[in-house]
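No gaps in the numbering here: position 183 of the sequence shown is 405 in the working numbering, and each next residue is one more.
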Amino acid sequence: MSSSLPVPIENLIESLRILPGVGQKTAARLAFFLLRNPEATRQKLGNSILDVSHNLRKCAKCGHFADETICGICQDTRRDQSIICVVEDALDLLAVEKSSAFKGLYHVLGGALAPLDGIGPEDLEIDSLVARLQAGEVSEIIVATNPTLEGEATAALLQRRLINFPMLKITRLARGIPVGGDVEYADEITLARSLENRVML
Numbered sequence: 223m224s225s226s227l228p229v230p231i232e233n234l235i236e237s238l239r240i241l242p243g244v245g246q247k248t249a250a251r252l253a254f255f256l257l258r259n260p261e262a263t264r265q266k267l268g269n270s271i272l273d274v275s276h277n278l279r280k281c282a283k284c285g286h287f288a289d290e291t292i293c294g295i296c297q298d299t300r301r302d303q304s305i306i307c308v309v310e311d312a313l314d315l316l317a318v319e320k321s322s323a324f325k326g327l328y329h330v331l332g333g334a335l336a337p338l339d340g341i342g343p344e345d346l347e348i349d350s351l352v353a354r355l356q357a358g359e360v361s362e363i364i365v366a367t368n369p370t371l372e373g374e375a376t377a378a379l380l381q382r383r384l385i386n387f388p389m390l391k392i393t394r395l396a397r398g399i400p401v402g403g404d405v406e407y408a409d410e411i412t413l414a415r416s417l418e419n420r421v422m423l
């Protein structure tokens, strides 16, 4: 960074660079955008970041973010307690929730298997999922890991780990051509899965 900038601005730019997809130029633009805003706006942003640091924790039941020991979803008695949707992270949980199609509970793994990045089975919240199943209240697990090599490997690992629950129904999210997508532009794997997961009209 140029020495023509005051140290506090250089530090702000460097801090903003940790955000995904933010390089040097974008970080500088964001920094100067914040500087052009009133101090109250910067203060609000800073307080929000501190609030997340001090008052946010992982739900003791599902691993989602919460401001209490148990998150709001797990506390909601109106949700179907017999179905758990297993997702890689909180963003995936939010995507499923946004669909309004699922009314059960969740389990957040905290990532996916990625040996090259040093993420193994022991780094994922699989043992806590097994512990939840031992109560015998869950009848179905929906594996909603991403359709990537890491997500598929994680799904296969889950299937192996859950083999000791023979009465448990294990399902996987259907995959295929998205709404609004064209068949001619779909890749071979997506087309194959679309054919495998075809439904009656």
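A virtual CB, placed ideally from N, CA and C, is assigned to each residue, including glycine.
Problem - Spatially closest choice to E362 from T299, L272, C307, by CA coordinates - result: Locating residue 362 in the sequence shown gives position 140, counting from the first residue. If we check each option's Cα against that of E362, C307 comes out closest.
Exercise for the section: Measure the C-alpha to C-alpha separation of Q265 and L395 and round it to an integer number of angstroms. Expected result: In the sequence shown, the residue the question calls residue 265 occupies position 43. In the sequence shown, the residue the question calls residue 395 occupies position 173. Answer to the nearest angstrom: the Cα atoms are 42 Å apart.
Problem - Nearest residue (CA-CA) to A357, options I292, V229, F387, L238 - result: By 1-based counting over the sequence shown, the position of residue 357 is 135. Checking every option, the nearest Cα to that of A357 belongs to F387.
Exercise for the section: Could you tell me if V309 is buried or exposed, where buried requires 16 or more neighbouring beta carbons within 10 angstroms of its beta carbon? Expected result: As a working mapping, residue 309 is identified with position 87 in the sequence shown. Counting Cβ neighbours within 10 Å, V309 comes out buried, since at least 16 surround it.
Exercise for the section: Would you please state the rounded distance, in angstroms, between the beta carbons of L390 and L355? I believe it to be under 8 Å. Expected result: Sequence index remark: in the sequence shown, residue 390 carries index 168 (1-based). Sequence index remark: in the sequence shown, residue 355 carries index 133 (1-based). About 7 Å; that satisfies the 8 Å criterion.
Handout entry: Endpoints, the beta strand (DSSP E) within which K391 is located
Key = By one-based count along the sequence shown, residue 391 stands at place 169. Counting along the chain, the beta strand (DSSP E) containing K391 begins and ends at 391-394.
Handout entry: Proximity winner among L338, A312, L331, relative to D349 (alpha-carbon distances)
Key = Walking along the sequence shown from the start, residue 349 turns up at place 127. Here the closest residue by C-alpha is L331.
Exercise for the section: If I'm right that E347 touches G403 with Cβ under 8 Å, what's the distance once you round it to whole angstroms? Expected result: Sequence index remark: in the sequence shown, residue 347 carries index 125 (1-based). Sequence index remark: in the sequence shown, residue 403 carries index 181 (1-based). About 33 Å separates the two Cβ atoms, so there is no contact after all.
Practice task
Determine the extent of the beta strand (DSSP E) in which H329 is found, giving its start and end residues.
Solution key: Counting from one through the sequence shown, the residue named residue 329 turns up at place 107. That run of the beta strand (DSSP E) goes 327-330.
Problem - Secondary structure of F324, DSSP reduced to three states - result: Residue 324 sits at position 102 when you count from the first residue of the sequence shown. DSSP places F324 in coil when its eight states are reduced to three.
Exercise for the section: Report yes if the C-beta distance between L256 and L234 is below 9 Å; otherwise report no. Expected result: Position 34 of the sequence shown, counted from the first residue, corresponds to residue 256. Position 12 of the sequence shown, counted from the first residue, corresponds to residue 234. Yes, the Cβ-Cβ distance between L256 and L234 is below 9 Å.
Practice task
Name the residue from K247, G243, A253 whose alpha carbon lies nearest to the alpha carbon of V229.
Solution key: Start at 1 with the first residue of the sequence shown, and residue 229 comes out as number 7. Ranking the options by Cα distance to V229, first place goes to A253.
Problem - Option in I399, V365, L238, E290 with minimal Cα separation from L384 - result: In the sequence shown, the residue the question calls residue 384 occupies position 162. For L384, the nearest C-alpha among the options comes from V365.
Practice task
Can you give me the Cβ contacts of R301 inside the same chain, cut-off strictly under 8 Å, excluding the 5 residues immediately before and after it?
Solution key: On the sequence shown, position 79 is the one that residue 301 refers to. Cβ within range, chain order: I295, K325, G326, L327.
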